[in-house]
Every structure is written in C-alpha cells, then in structure tokens.
Amino acid sequence: MATLRDETPLTKTIRLELDDWSGHRAGQHVDIRLTAEDGYQAERSYSIASAPEDTQLALTVERLDDGEVSPYLTDELRPGDDLELRGPIGGYFVWEEPYGGPLLLVGGGSGVVPLRAMLRHWAAGPRDVPVRLIYSARSLEEVIYREELTRLAEETGLEFHLTLTRQWPDDWAGHRGRIDRALLDQVAFPPAQRPLVYVCGPTAFVETAAQALVASGHEAGRIRNERFGPTGT
Amino acid sequence: MSPISRGFTGRRREGDDPSRVPPGQYVTADFPVLSAGPTPHTPLDEWSFTIDGAVTEAVSWPWEEFIALPAEDVTVDIHCVTKWSKLDTSWRGVSVDALLENVESEAGYLTAWSDGGYTTNLALGDVADGQGWVAYEYGGQPLEPEHGGPARLLVPHLYFWKSAKWVRGLTLTPDDQPGFWETYGYHNRGDPWLEQRYQGD
C-alpha cells in the first residue's frame with residue numbers, strides 16, 4: 001500500500017503498489033480481505049478508481065459507520081501496510097473504446113468511483129466517443145474527484161452535470177435535487193442516439209435512475225447497473 | 234496464507250451459527266438488491282413460464298395456470314456472492330420437480346432465462362429432488378419486482394445469482410452452457426460452502 005489521500009470527509013483514495021497484477025478493465029472491482037491476528041477474516045468488494053493506463057491501482061473507499069472493512073481502510077490503514085486483494089472481478093460493468101457510445105455515466109455518491117475509472121480510460125484514448133457524466137451528491141463537499149472532473153470537463157469533450165440533493169451554496173448554478181426523468185430528459189443523450197448507459201450508486205438511486213431512463217425511452221438492454229448497499233427494507 | 238492486517242480486530246458476530254453461515258459470509262436482516270440492468274415490469278397477462286430445449290414437447294403455463302399448480306411453502310437460508318447471507322427467508326412457489334414431472338428429456342443441464350435477458354446455468358442435479366423452486370411469494374406477499382417478481386428461481390443451496398430474478402423459463406440442454414455471470418468470471422456452479430465465488434475457486 002503506497003499512499004492515502006482524503007477525497008471528502010467520508011472517502012479516501014488508497015493507491016497500491018502491486019507485486020503481481022494482471023491489469024484491469026475500467027469498471028471492474030477487487031475484493032479486499034482483512035485478517036486479524038487470530039485468523040478471523042472479513043472480505044468486501046471495492047470498485048477500482050484508476051484507469052488501466054494509470055501506473056498505480058487506486059481504490060476510493062467510502063466509510064460506512066456500520067461497516068466492518070471500510071472503517072479500517074479509512075481510519076486505521078497506514079502507508080506501508082500490506083493489503084490482501086483479489087481481482088480484478090466483474091466483466092459486465094466495464095467500458096472500453098470498442099464498446100462505443102455515446103457514453104452516458106450516471107453516478108450517485110461513491111457510485112462515481114468506477115465511472116471515474118471509465119472517464120480516465122476514455123480521456124487516455126482517442127476520445128472519439130461523446131461522453132456525459134451526471135453525478136448526484138448530497139452536498140458540494142461530498143463530491144468526489146470534483147477538481148479532476150471539472151478539469152476534465154474544461155480540457156476534454158466531457159459534459160459534466162452535477163446535481164446536489166441536500167445542500168448547495170447560495171450561488172449554486174448547477175442542478176438541485178435527485179436525478180429524475182426531468183433532469184435526464186434535459187441533460188442525457190436523447191434515446192434516439194442510443195447511448196450506452198452505466199448507472200452506479202446505492203440501490204435506491206440505481207433503481208430510480210434506471211427506471212427513469214427506461215421511461216424516457218432508453219433501451220433497457222443498453223443500461224448497465226452496479227449497485228451497493230442495503231435496501232433498508 | 235493471508236498476511237495479518239495490522240490493527241484489524243473485526244466486528245465478530247458471535248451469534249452467527251457456523252453451521253448455517255458459510256465461510257466469508259455475514260448475516261444481514263436487510264434484503265439487498267443486485268442486478269445488472271433495469272428492473273423489468275412484465276404485466277401478468279403477458280407473463281408465462283416455459284420449459285423447452287432438449288425436451289420431447291415444450292410446455293408453457295400462463296400466470297393463472299402457473300399459480301394454480303401445486304405450490305410449496307419453504308423457509309430457507311440464502312447466500313449472495315457479495316458476502317451477505319439472510320436466514321429463514323420464507324417463499325411460496327412451484328418446485329422444479331413438479332414443473333419437470335411430465336417433461337421427457339435426456340438433458341442433464343438447464344439454462345434459466347429471464348425478462349431483461351439474464352441467464353444462468355444449472356445442472357439438473359442441483360435443482361431436482363426438492364432443491365429448486367420458481368417462487369412468486371416472499372414473506373407471504375407477492376414477490377416485489379426489485380426482488381425478482383412476479384417470479385424468480387429459488388435454488389438456495391447455491392449462491393443467489395443462480396436464483397434468477399424475473400425468470401420466464403427453463404431451457405434444458407444436453408451440455409452445460411455458461412450463463413450471464415458465469416461468462417463474466419463467476420464460478421460455474423457457485424456452492425457457498427465451498428466458496429465457489431469466481432472462476433478458479
């Protein structure tokens with residue numbers, strides 16, 4: 001484990017020096033396994049935040065108060081500690097240049113992590129495919145990779161739409177409220193352009209966003225979902 | 234041999250019964266939702282359940298006929314490859330044994346297919362003899378779309394991706410043909426007690 005960086009009050013990015021890594025595809029995840037001195041183990045999945053082109057593998061981890069692995073990763077882990085991980089895992093929630101587009105990325109909270117890997121991969125390539133990111137966060141301070149995404153939007157063809165759902169600055173000129181059909185109809189590629197859509201976030205977010213996309217006329221078969229977290233029901 | 238994670242003690246769940254919770258799993262009271270695409274909403278008057286493929290004669294039941302088939306109530310533990318297990322879940326549905334009762338076939342495998350395009354493969358030996366159901370009630374209520382309603386496959390002794398949501402049919406096959414997650418790196422069989430999560434396990 002090489003370095004740790006605070007992204008937001010609840011998230012940290014862990015950069016790893018790996019002894020033996022076969023490479024990954026943008027959107028995949030890894031399993032991290034922790035082992036206590038008495039042999040007790042806990043293992044959870046985390047999306048890879050870095051692009052295949054990046055020199056170090058990066059994971060951005062959100063601290064869950066009732067979590068078992070994430071508080072260790074955000075609060076206890078120090079540079080130089082060993083981490084056991086397995087992967088890359090998953091082959092469906094993946095984007096690569098030949099998949100084409102237009103590429104529509106829809107993220108809620110830390111669901112932006114695998115989308116950021118796709119964006120970095122896209123930015124490292126020929127950028128032939130138009131791309132839009134619609135990102136929903138509770139407040140400005142909880143926006144992960146804000147500087148990087150803003151810079152990408154300025155320097156590349158990325159269209160970046162940020163919506164804040166709970167708190168926003170007085171002079172906030174961006175979108176407010178949760179991602180719904182009205183917002184999607186306003187800022188997403190129109191269904192006639194048949195965008196390839198990746199939706200990632202908490203379960204309820206993904207359910208709502210995917211249903212709104214289908215209701216707007218987007219093809220269900222071109223909407224790929226990745227969900228995390230309990231339903232609360 | 235796993236390295237010790239310095240400073241990690243873990244949140245042990247002393248109450249978890251190792252005879253019921255497979256290795257690497259934790260018990261949750263929630264019912265998390267996982268799926269690769271949007272939730273389909275097929276109206277019941279357009280719904281049917283079909284058994285076809287390597288069979289002498291394909292058979293299909295519209296919804297009303299399907300729920301009139303002899304049903305069973307089962308209470309089982311379920312285990313998701315993403316590490317959660319949920320104990321004592323109660324379901325009502327038709328056993329795969331009952332569905333295959335009048336089907337003539339030499340096939341040894343099947344592909345369960347679903348609205349939305351999902352598929353998963355199973356050996357007949359893993360769903361026969363009281364091991365598999367097509368369930369349409371959960372906890373005494375109609376199965377919600379998010380959890381696979383109107384009906385989902387229920388094969389509780391394997392990881393839950395084998396229990397295909399929104400299932401519409403079983404296609405019997407002479408050979409084992411990997412389904413959706415099975416072609417994306419997940420284990421072909423998925424026995425939670427052997428931790429068969431990914432290819433190579």
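Going line by line, the protein sequences match chains R and U. If you read the first sequence in my numbering, its first letter stands for residue 1, the second for the next number, and so on. If you read the second sequence in my numbering, its first letter stands for residue 234, the second for the next number, and so on. Heads up, the beta-carbon is just placed ideally off N, CA and C, and yes, glycines get one too.
Can a CB atom of chain U be found closer than 8 angstroms to the CB of residue i?
| i | result |
| --- | --- |
| Arg-224 (chain R) | yes |
| Ser-90 (chain R) | For the sequence presented, residue 90 (chain R) should be read as Gly rather than Ser. Output row for Gly-90 (chain R): interface = yes. |
| Glu-84 (chain R) | yes |
| Thr-233 (chain R) | At Thr-233 (chain R), the pLDDT of 27 sits below 50, so the modelled position is not reliable; the number obtained from the coordinates is stated separately. Yes - at least one Cβ of chain U is within 8 angstroms of the one on Thr-233 (chain R). |
| Thr-165 (chain R) | no |
| Val-61 (chain R) | no |
| Tyr-72 (chain R) | yes |
| Tyr-40 (chain R) | yes |
Alpha helix (DSSP H) containing residue i: first to last residue?
| i | result |
| --- | --- |
| Leu-213 (chain R) | 203-215 |
| Ala-124 (chain R) | 112-124 |
| Gly-416 (chain U) | The sequence shown places Thr at residue 416 (chain U), not Gly. Segment 413-416, the alpha helix (DSSP H) holding Thr-416 (chain U). |
| Arg-224 (chain R) | Run containing Arg-224 (chain R): none in the alpha helix (DSSP H); it sits in the beta strand (DSSP E), 223-228. |
| Gln-28 (chain R) | Gln-28 (chain R) -> no alpha helix (DSSP H), and no H or E assigned at all. |
| Gln-186 (chain R) | 181-187 |
| Leu-332 (chain U) | 329-332 |
Which residues in chain R have a C-beta closer than 7 angstroms to the C-beta of residue i? List them in chain order.
| i | result |
| --- | --- |
| Gly-318 (chain U) | In the sequence as displayed, the identity of residue 318 (chain U) is Ser instead of Gly. Per Cβ cutoff of 7 angstroms: no residues; Ser-318 (chain U) is ~13 angstroms from chain R at best. |
| Glu-379 (chain U) | Glu-207 |
Does the distance from the C-beta atom of residue i to that of residue j stay below 8 angstroms?
| i | j | result |
| --- | --- | --- |
| Val-113 (chain R) | Ala-49 (chain R) | yes |
| Leu-203 (chain U) | Val-400 (chain U) | The requested residue 203 (chain U) does not occur in the structure, where chain U is confined to residues 234 to 434. |
| Arg-385 (chain U) | Ala-368 (chain U) | yes |
| Arg-86 (chain R) | Pro-52 (chain R) | no |
| Val-94 (chain R) | Gly-27 (chain R) | yes |
| Val-288 (chain U) | Glu-337 (chain U) | yes |
| Gly-177 (chain R) | Ala-137 (chain R) | no |
| Gly-286 (chain U) | Ser-328 (chain U) | no |
| Tyr-198 (chain R) | Leu-105 (chain R) | yes |
| Leu-133 (chain R) | Leu-158 (chain R) | yes |
| Glu-142 (chain R) | Leu-10 (chain R) | yes |
| Gly-91 (chain R) | Val-129 (chain R) | no |
| Lys-12 (chain R) | Asp-19 (chain R) | no |
| Leu-140 (chain R) | Leu-115 (chain R) | no |
Who are the neighbours of residue i on chain R, taking C-beta pairs under 8 angstroms?
| i | result |
| --- | --- |
| Ser-268 (chain U) | Asn-225 and Arg-227 |
| Tyr-417 (chain U) | Gly-90, Gly-91 and Tyr-92 |
| Arg-422 (chain U) | None at all; the shortest Cβ gap to chain R is about 17 angstroms. |
| Pro-271 (chain U) | Ala-210, Gln-211, Leu-213, Val-214, Ala-220, Ile-223 and Asn-225 |
What residue does the beta strand (DSSP E) around residue i start on, and which one ends it?
| i | result |
| --- | --- |
| Glu-279 (chain U) | Run containing Glu-279 (chain U): none; DSSP gives neither H nor E here. |
| Asp-359 (chain U) | Asp-359 (chain U) -> not in any beta strand (DSSP E); alpha helix (DSSP H) instead, spanning 357-360. |
| Thr-150 (chain R) | Per DSSP, Thr-150 (chain R) belongs to no beta strand (DSSP E); it is in the alpha helix (DSSP H), 146-155. |
| Asp-6 (chain R) | 3-8 |
| Trp-296 (chain U) | It is not in any beta strand (DSSP E) - Trp-296 (chain U) instead sits in the alpha helix (DSSP H) that spans 296-299. |
| Leu-158 (chain R) | That residue, Leu-158 (chain R), is in no beta strand (DSSP E); it is neither H nor E in DSSP. |
| Asp-310 (chain U) | 305-312 |
| Trp-346 (chain U) | 342-347 |
| Ala-58 (chain R) | 57-62 |
| Trp-366 (chain U) | 366-371 |
| Pro-88 (chain R) | 84-89 |
| Glu-339 (chain U) | Here Glu-339 (chain U) belongs to no beta strand (DSSP E), and DSSP marks it neither H nor E. |
I'd like to know whether the C-beta of residue i is nearer than 8 angstroms to at least one C-beta of chain R.
| i | result |
| --- | --- |
| Pro-425 (chain U) | no |
| Thr-352 (chain U) | no |
| Leu-391 (chain U) | no |
| Ser-235 (chain U) | yes |
| Tyr-431 (chain U) | yes |
| Gly-243 (chain U) | yes |
| Gly-358 (chain U) | no |
| Gly-349 (chain U) | yes |
| Asp-249 (chain U) | no |
Applying a beta-carbon distance threshold of less than 9 angstroms, which residues of chain U neighbour residue i?
| i | result |
| --- | --- |
| Glu-43 (chain R) | Gly-257 and Lys-316 |
| Glu-76 (chain R) | Ser-238, Arg-239, Gly-240 and Phe-241 |
Output, in chain order, the set of chain U residues within a Cβ distance shorter than 7 angstroms of residue i.
| i | result |
| --- | --- |
| Arg-178 (chain R) | Ordered by position in chain U, no residue passes the 7 angstroms Cβ test against Arg-178 (chain R), which lies about 17 angstroms from the chain. |
| Asp-81 (chain R) | Arg-239 |
| Glu-37 (chain R) | Ile-237 |
| Glu-68 (chain R) | Gly-243 and Arg-244 |
Can residue i be considered in contact with the ligand COA, in the sense that its beta carbon sits closer than 7 angstroms to one or more heavy atoms?
| i | result |
| --- | --- |
| Asp-362 (chain U) | The model on display carries no ligand, and the ligand COA is accordingly not part of it. |
List, in chain order, every chain R residue whose beta-carbon is nearer than 9 angstroms to that of residue i.
| i | result |
| --- | --- |
| Tyr-342 (chain U) | The premise fails here: Tyr-342 (chain U) is roughly 22 angstroms from chain R at the closest Cβ pair, so nothing lies under 9 angstroms. |
Starting from residue i, find everything on chain U with Cβ-Cβ shorter than 8 angstroms and list it in chain order.
| i | result |
| --- | --- |
| Arg-33 (chain R) | Ser-235 |
Exercise for review: State whether the region 54-67 of chain R contacts the region 262-279 of chain U, with contact taken as three or more CB pairs (one from each stretch) at a distance under 8 angstroms.
Suggested key: Taking a contact to require three or more Cβ pairs closer than 8 angstroms, the region 54-67 of chain R and the region 262-279 of chain U do not qualify as touching.
**Study point:** Three or more C-beta pairs below 8 angstroms linking the region 291-303 of chain U and the region 236-245 of chain U
**Key:** Here the region 291-303 of chain U makes no contact with the region 236-245 of chain U; the two share fewer than three CB pairs at distances below 8 angstroms.
Exercise for review: Check whether the region 140-152 of chain R touches the region 181-192 of chain R, counting contact only when three or more Cβ pairs, one atom from each stretch, lie closer than 8 angstroms.
Suggested key: By the criterion of at least three beta-carbon pairs nearer than 8 angstroms, the region 140-152 of chain R is not in contact with the region 181-192 of chain R.
Review point. Can you find at least 3 beta carbon pairs, one from the region 269-283 of chain U and one from the region 342-357 of chain U, that sit closer than 8 angstroms?
Key: Touching, yes.
Review point. So, do the region 37-45 of chain R and the region 64-78 of chain R have three or more beta carbon pairs nearer to each other than 8 angstroms?
Key: Contact holds: three or more Cβ-Cβ distances are below 8 angstroms.
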